[in-house]
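In our numbering, the protein residues as written are 1401 to 2031.
Note that CB positions come from ideal geometry on N, CA and C, so glycine has one too.
The block underneath contains the structure these notes are about, expressed in structure tokens.
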């Protein structure tokens, strides 16, 4: 009996000691990231059969297990990877929102100041100080545009730096994960006896990796974990690592392209497959918000430059010469793919700024055809030859010969803010006047009046000689003399447009037979403000996006869109933070260390240890008494 009681006491001591060890281990790791509470599992030892029945033989410790829930862990991982995505997206989106919406550094105040200068010239067309002020405000506006464009480019470089950092973190975590996989495989496991601390370490690495990029983890029969990213690309397979790499895109060197690095090849990965984590958020911000915002901003700038130039060329400066280009109009960027085998040089020019979209285009040559793919929408047009015009731009191949598979990236408005400039530097060259004027003959007997007209084409200007319109009452028409080329006669309808040599005017009232009006060059028209008024009117004329918005409203729409998107992401991020907290709290309630509970366990196992020691003491005393009785 003494020996059986003694052995029972020993099993109790060992069990209590392991219980104390486990509780102490839990307490010491209460602040360890990723640690899962461990529990000692006890079971009765195999009983001994006697004549009086089965007699207990103590306790056995069959396992020390983690209080781990795969379901709760997966919930937390899903919430955290989405929060990483939203947090990265929101951080970048706030920056671009602050840049565009700033009332002091945004484009709207500069546009308003510029057109105020134009209106000042319209009020004082002969004033050199007013003209100089207009030029100064033009330079200030262009400087603001270039500053905003530089901020866009800084944001893109910042995103690239963040992408490189995220890729570095992913590769480091993947390497550590593979090393832990090797240690787990070396530890061996029968499916029940598991290396708990190594599993916790690996789980924490998976959690950290998941915050950088959404991953899928698949357990293997040997206890290791294979990790996949994107649409199923392997990142960690057992103890092997396939790292990521971030390099300049062969299509657009300003952006980084991700690739999976294997022993034999580097496999490019489209950014669209990265849906979660910090990396996914950065790529989504770049592709969905930054690209669109910069292109939209560039469209406003390009349209402003071209439409202002178009009207300025229809005017006349202080020297009596026709107007020239006021701004340098930015042209589309065309980049040949670095892997192209042909030497074809593709060009793109602005044909109609009003028709410009905010899309980029990938142009591919294959089998004699040119496929133009709109980005990011994905719609395609196929052309058998060049030049071709679409969306306000004209593509051409002025030199070289492309080979099948050659690609080009066309960005119509991406760098417009960088490339715009003011070309007019002499105040006298501001074309505030109209190049022609109309006059009525002093001998007219009717009450007809003629407008000064609007110039739409200066091809035939200046006029080689005055042009006279004489009314023939019998035919109810205006005969034209002195025109080159010959024109008319024009049937008379009061108020109807009469277009001649790029000038459109109206005659109203009732003319008498023989009444005449004369068109002549606007010599000495230094006080004429007709073209300046038309230039100022461009501020409120819908010329952007197919005539749906003016410059300022188009810019305001951009600011509003970015602001709304930022607010939407902010709301989603706040909601996601609550989901992360809820999922983390649920997991911690199940798997986390509760110090009060562990303190109670310490007391319980201490008492069990003391009780087992008492059993040993009693068994020893009984055994001694038996020995003494025998003597």
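Measure the C-alpha to C-alpha separation of residue 1412 and residue 1429 and round it to an integer number of angstroms. By 1-based counting over the chain shown, the position of residue 1412 is 12. By 1-based counting over the chain shown, the position of residue 1429 is 29. Their Cα atoms are separated by approximately 26 Å.
When the distance is taken between beta carbons, is residue 1419 closer than 8 Å to residue 2023? On the chain shown, position 623 is the one that residue 2023 refers to. On the chain shown, position 19 is the one that residue 1419 refers to. No.
Just how far apart, CA to CA, sit residue 1922 and residue 1538? Position 522 of the chain shown, counted from the first residue, corresponds to residue 1922. Position 138 of the chain shown, counted from the first residue, corresponds to residue 1538. C-alpha separation (whole angstroms): 26 Å.
By the three-class DSSP mapping on this structure, what secondary structure does residue 1427 have? For the purposes of this step, residue 1427 is identified with residue 27 of the chain shown, where counting begins at 1. Helix, per DSSP.
For residue 1685, which residues in the same chain have their Cβ closer than 8 Å to its Cβ, ignoring the five residues on either side in sequence? Walking along the chain shown from the start, residue 1685 turns up at place 285. Result list for residue 1685: 1488, 1489, 1492, 1493 and 1559, in chain order.
Limits of the unbroken alpha helix (DSSP H) element including residue 1703: For the purposes of this step, residue 1703 is taken as the residue at position 303 of the chain shown. Looking at the DSSP string, the run of the alpha helix (DSSP H) that includes residue 1703 is 1691-1712.
Whose CA, out of 1508, 1655 and 1707, lies closest to the CA of residue 1856? By one-based count along the chain shown, residue 1856 stands at place 456. Out of 1508, 1655 and 1707, 1707 has the C-alpha closest to the C-alpha of residue 1856.
Can the beta-carbon of residue 1810 be found closer than 8 Å to that of residue 1866? To locate residue 1810, count along the chain shown from 1; it is residue 410. To locate residue 1866, count along the chain shown from 1; it is residue 466. Cβ atoms of residue 1810 and residue 1866: not closer than 8 Å.
Spatial neighbours of residue 1755 within its chain, please: CB distance less than 7 Å, with the 5 preceding and 5 following residues excluded, ordered by chain position. On the chain shown, position 355 is the one that residue 1755 refers to. Result list for residue 1755: 1791, 1792 and 1946, in chain order.
Closer than 8 Å to chain D by CB, residue 1439: Structure shown: chain D not included; a single protein chain is present.
Taking only three categories from DSSP, how would you classify residue 1920? Position 520 of the chain shown, counted from the first residue, corresponds to residue 1920. The answer is strand: DSSP assigns residue 1920 an E or B state.
What are the start and end residues of each continuous alpha helix (DSSP H) run of 4 or more residues lying completely inside the stretch 1459-1543, in chain order? 1470-1501 and 1507-1523
Under a three-way DSSP split, which group does residue 1898 fall into? Here residue 1898 is taken as the residue at index 498 of the chain shown, counted from 1. Of the three classes helix, strand and coil, the one that applies to residue 1898 here is strand, per DSSP.
Give the straight-line distance between the Cα atoms of residue 1912 and residue 1849, rounded to the nearest whole angstrom. As a working mapping, residue 1912 is identified with position 512 in the chain shown. As a working mapping, residue 1849 is identified with position 449 in the chain shown. Rounded to whole angstroms, residue 1912 to residue 1849 spans 11 Å at the Cα level.
Please classify residue 1619 as buried or exposed, where buried requires at least 16 neighbouring CB atoms within 10 angstroms. Stepping through the chain shown from its first residue, residue 1619 is reached at position 219. That one is exposed.
Taking contact to mean at least 3 C-beta pairs separated by less than 8 Å, is the stretch 1935-1955 in contact with the stretch 1693-1703? yes
Just curious, the alpha helix (DSSP H) that residue 1959 is in, first and last residue? The residue you call residue 1959 lines up with position 559 of the chain shown. Looking at the DSSP string, the run of the alpha helix (DSSP H) that includes residue 1959 is 1951-1991.
Which residue or residues does DSSP assign as beta-bridge partners of residue 1629? Along the chain shown, read from residue 1 onward, the residue named residue 1629 stands at position 229. Answer is 1615 and 1633, bridged to residue 1629.
Quick check on the DSSP output: what are the complete alpha helix (DSSP H) runs of length 4 or more inside the stretch 1804-1832, in order along the chain? 1816-1819
By DSSP, does residue 1733 sit in helix, in strand, or in coil? Stepping through the chain shown from its first residue, residue 1733 is reached at position 333. Three-state DSSP puts residue 1733 in a strand.
Contact check, residue 1352 vs residue 2012, beta carbons under 8 Å: Examination of residue 1352 is not possible in this model, given that the chain is present from 1401 through 2031 alone.
Proximity winner among 1894, 1873 and 1901, relative to residue 1885 (alpha-carbon distances): Here residue 1885 refers to the residue found at position 485 of the chain shown. That would be 1901, whose Cα lies nearest to the Cα of residue 1885.
Assigned exposure category for residue 1666 - 16 Cβ within 10 Å defines buried: Counting from 1 along the chain shown, the entry for residue 1666 is found at position 266. Its Cβ having fewer than 16 others within 10 Å, residue 1666 is exposed.
Consult DSSP for residue 1432 and reduce its assignment to one of helix, strand or coil. Taking the chain shown and counting its residues from 1, the one referred to as residue 1432 is at position 32. Reduced to three states, the DSSP call for residue 1432 is coil.
Please tell me whether residue 1691 and residue 1709 are closer than 8 Å, where the distance is taken between their beta carbons. Within the chain shown, numbered from 1, the residue matching residue 1691 stands at position 291. Within the chain shown, numbered from 1, the residue matching residue 1709 stands at position 309. Cβ atoms of residue 1691 and residue 1709: not closer than 8 Å.
I need the boundaries of the alpha helix (DSSP H) containing residue 1680, first residue and last residue. Residue mapping note: residue 1680 aligns to position 280 of the chain shown, counting from 1. Residue 1680 -> alpha helix (DSSP H) spans 1677-1684.
For residue 2009, the three-state DSSP class (helix, strand or coil): Position 609 of the chain shown, counting from 1, holds the residue named residue 2009. Of the three classes helix, strand and coil, the one that applies to residue 2009 here is helix, per DSSP.
Do you know how far the Cα of residue 1473 is from the Cα of residue 1448? The residue labelled residue 1448 in the question sits at position 48 within the chain shown. The residue labelled residue 1473 in the question sits at position 73 within the chain shown. Each residue's Cα considered, the two are about 43 Å apart.
Where does residue 1552 fall in DSSP's three states? Position 152 of the chain shown holds residue 1552. Looking at residue 1552 - three-state DSSP - the assignment turns out to be helix.
Give every residue of the same chain whose Cβ lies closer than 6 Å to the Cβ of residue 1408, excluding the five residues on either side of it in the sequence, and list them in chain order. The sequence position of residue 1408 within the chain shown is 8, counting from 1. Answer for residue 1408: 1458, listed in chain order.
Among 1763, 1859, 1442 and 1646, nearest to residue 1563 - alpha-carbon criterion: Start at 1 with the first residue of the chain shown, and residue 1563 comes out as number 163. Closest by alpha carbon: 1646.
What does the Cβ neighbour count give for residue 1917, buried or exposed, with the cut at 16 atoms within 10 Å? Translated into the one-based positions of the chain shown, residue 1917 becomes position 517. With 16 or more other Cβ atoms within 10 Å, it is buried.
Here's the rule: buried if 16 or more other CB atoms are within 10 angstroms of the residue's CB, otherwise exposed. What is residue 1804? As a position in the chain shown, residue 1804 is number 404, starting the count at 1. By the 10 Å Cβ count, residue 1804 comes out exposed.
When DSSP labels each residue in this structure, what does residue 1769 get in the three-state scheme? Position 369 of the chain shown, counted from the start, is the residue given in the question as residue 1769. Three-state DSSP puts residue 1769 in a strand.
Can you check which of these residues, 1471, 1442, 1464 and 1971, is closest to residue 1987 by C-alpha distance? One-based indexing of the chain shown puts residue 1987 at position 587. Among 1471, 1442, 1464 and 1971, the Cα nearest to that of residue 1987 belongs to 1471.
Quick one: give me the first and last residue of the alpha helix (DSSP H) that residue 1936 is part of. One-based indexing of the chain shown puts residue 1936 at position 536. Element bounds for residue 1936: 1930-1937.
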